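Protein chains in written order, with the UniProt record's numbering: chain B, 1 to 283; chain W, 1 to 183.
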């Protein structure tokens, strides 16, 4: 507990001034027992109130002392015991109204004992049940978590399998043409990429074997070339982000496929000086 | 207060538990005016206040076994009995909030009234305290202590947010403490 914050919350003063609710009073009592600083603050506030109240003293009626002595003497004899007036709704802590002993029949004692035993048994069961409930709850939650992660993995595999099957069926289709694109640059003699193009379905897949890593603000772009006119087939990433085959934009006709390095997001027309690979579509 | 002997709170508690009538007499002489001041201020009626004070001393006498020194000072314990008994009696007469405020208002604005500062006790310095404690601080303490108002009632009367009642109370009592140091 933040003792200073608790002290400055005003709860102590509210209890001392009789303003606090019962839970607040109990809370303060617990804090007083635990924290010497809280006890010191509570004592100080009590003394402030005592002084303030003492200042407003008024001498009681002269005969009152005798009346009270008389009342106390009557107290001593049980027959005339003072009823205690209105049931004092004092704070839990300061509730000092003694309870009158009540005679109860023996039968009720047995019933009360039976109820008490029943209650204890019930509490024991509750505690045991609660403990095992918590244990099972923990196990159940662990299983749910496992199950969720397995489902996710499963989804990932399903997607990969579906993609692979699609690739296999595409590659085995007689209408798919494989276009090897080779380097056009002396500084990167190893550059190489392959286009798989299904002319009838117009699907284009790209497999990058080797291309130099582009700058952060650049991206490679694939073009189909028909009668020297380039058609955008989309930009693509390289490296780890683009393992395997990437699906590109659909192309209806092509004599060549080529890859140029463009600004990120691509360009409407290719920068021919930045061409990296090119390949001719076979007959 | 004319008693030659003085007793500590612990001696008083032991004496009361031993049913020592001399100690009880000392207790009455020394604390009855303060307790009567509380009861009278809560009830505003001298006849009723006398009856309640009697009830309070009977309760102190009967309940002293249950006083726990760990939970607070004896004087505070007795004040709580006086205050709670008086407020319970007030509630049984179903005082309305408006009435509480009006009574208190009379006190606050007529600071020379008999009820507020009894002439024979003004040497204790109440007038000085009341001069320095501002009206709102006094009202919040008195509404809570003497009228048994709830936090909600005080928020309504002073037209402040409920959440600030406790900190206002703290500020009022800190201010009271500072003034008491100078008296």
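Don't be surprised by glycine CBs; every beta carbon is placed ideally from N, CA and C.
Quick caveat, the model's predicted, so the values are computed rather than measured.
Whether residue i touches residue j by CB criterion (8 Å)
| i | j | result |
| --- | --- | --- |
| residue 197 of chain B | residue 179 of chain B | yes |
| residue 184 of chain W | residue 34 of chain W | The requested residue 184 of chain W does not occur in the structure, where chain W is confined to residues 1 to 183. |
| residue 36 of chain W | residue 7 of chain W | no |
| residue 155 of chain W | residue 162 of chain W | yes |
| residue 33 of chain B | residue 7 of chain B | no |
| residue 276 of chain B | residue 222 of chain B | no |
| residue 203 of chain B | residue 238 of chain B | no |
| residue 286 of chain B | residue 255 of chain B | Residue 286 of chain B lies beyond the range of chain B shown here (1 to 283); nothing can be said about it. |
| residue 3 of chain B | residue 35 of chain B | yes |
| residue 44 of chain W | residue 60 of chain B | no |
| residue 75 of chain W | residue 28 of chain W | no |
| residue 10 of chain B | residue 148 of chain W | no |
| residue 180 of chain W | residue 51 of chain B | yes |
| residue 176 of chain B | residue 167 of chain B | no |
| residue 64 of chain W | residue 16 of chain W | yes |
| residue 220 of chain B | residue 272 of chain B | no |
| residue 41 of chain B | residue 68 of chain B | no |
| residue 90 of chain W | residue 42 of chain W | yes |
| residue 43 of chain B | residue 176 of chain W | no |
| residue 149 of chain B | residue 169 of chain W | no |
| residue 192 of chain B | residue 183 of chain B | yes |
| residue 195 of chain B | residue 279 of chain B | yes |
| residue 235 of chain B | residue 181 of chain B | no |
Bridge partners - residue i, DSSP secondary structure assignment
| i | result |
| --- | --- |
| residue 218 of chain B | B/263 |
| residue 39 of chain B | None; residue 39 of chain B has no bridge partner. |
| residue 183 of chain B | B/277 |
| residue 230 of chain B | B/225 |
| residue 197 of chain B | B/177, B/204 |
| residue 192 of chain B | B/182, B/210 |
| residue 245 of chain B | B/207 |
Residue i versus residue j: straight-line alpha-carbon distance, rounded
| i | j | result |
| --- | --- | --- |
| residue 11 of chain W | residue 69 of chain W | 12 Å |
| residue 53 of chain B | residue 38 of chain W | 7 Å |
| residue 96 of chain B | residue 83 of chain W | Caution applies to residue 96 of chain B, whose pLDDT of 41 falls short of 50 and renders its modelled position unreliable; the value that the coordinates give is listed next. Distance between the alpha carbons of residue 96 of chain B and residue 83 of chain W is about 13 Å. |
| residue 126 of chain W | residue 157 of chain W | 25 Å |
| residue 133 of chain W | residue 141 of chain W | 11 Å |
| residue 77 of chain W | residue 23 of chain W | 17 Å |
| residue 60 of chain W | residue 81 of chain W | 8 Å |
| residue 45 of chain B | residue 65 of chain B | 30 Å |
| residue 246 of chain B | residue 142 of chain B | 38 Å |
| residue 153 of chain W | residue 25 of chain B | 19 Å |
| residue 119 of chain B | residue 128 of chain B | 14 Å |
| residue 257 of chain B | residue 244 of chain B | 18 Å |
| residue 178 of chain W | residue 72 of chain W | 22 Å |
| residue 66 of chain W | residue 146 of chain B | 59 Å |
| residue 251 of chain B | residue 218 of chain B | 23 Å |
| residue 113 of chain B | residue 121 of chain B | 12 Å |
| residue 85 of chain W | residue 182 of chain W | 33 Å |
| residue 249 of chain B | residue 165 of chain B | 20 Å |
| residue 20 of chain W | residue 70 of chain B | 15 Å |
| residue 92 of chain W | residue 47 of chain W | 16 Å |
| residue 144 of chain B | residue 29 of chain B | 44 Å |
| residue 55 of chain B | residue 145 of chain W | 14 Å |
Residue range of the alpha helix (DSSP H) that includes residue i
| i | result |
| --- | --- |
| residue 24 of chain B | 22-34 |
| residue 158 of chain W | 151-158 |
| residue 7 of chain B | 3-8 |
| residue 84 of chain W | 74-92 |
| residue 63 of chain W | 46-63 |
| residue 26 of chain W | 21-43 |
| residue 170 of chain W | 165-182 |
Assigned secondary structure, residue i (DSSP; H/G/I helix, E/B strand, else coil)
| i | result |
| --- | --- |
| residue 251 of chain B | coil |
| residue 147 of chain W | coil |
| residue 324 of chain B | Residue 324 of chain B falls outside the range modelled here, since chain B spans only 1 to 283, and no answer is possible. |
| residue 56 of chain B | coil |
| residue 134 of chain W | coil |
| residue 235 of chain B | strand |
| residue 7 of chain W | coil |
| residue 107 of chain B | helix |
| residue 258 of chain B | strand |
| residue 89 of chain B | Confidence at residue 89 of chain B is low in this model, with a pLDDT of 34, below 50, so the placement of that residue should be treated as unreliable; the coordinate-derived value is given next. Residue 89 of chain B falls in the coil class under three-state DSSP. |
| residue 16 of chain B | helix |
| residue 11 of chain B | helix |
| residue 97 of chain B | Here the model assigns residue 97 of chain B a pLDDT of 43, short of 50, so the residue's position is not dependable, and the following value carries that caveat. Looking at residue 97 of chain B - three-state DSSP - the assignment turns out to be coil, as it is neither helix nor strand. |
C-beta neighbour in chain C for residue i, strict 8 Å
| i | result |
| --- | --- |
| residue 67 of chain B | Absent here is chain C; the protein component of the structure consists of chains B and W. |
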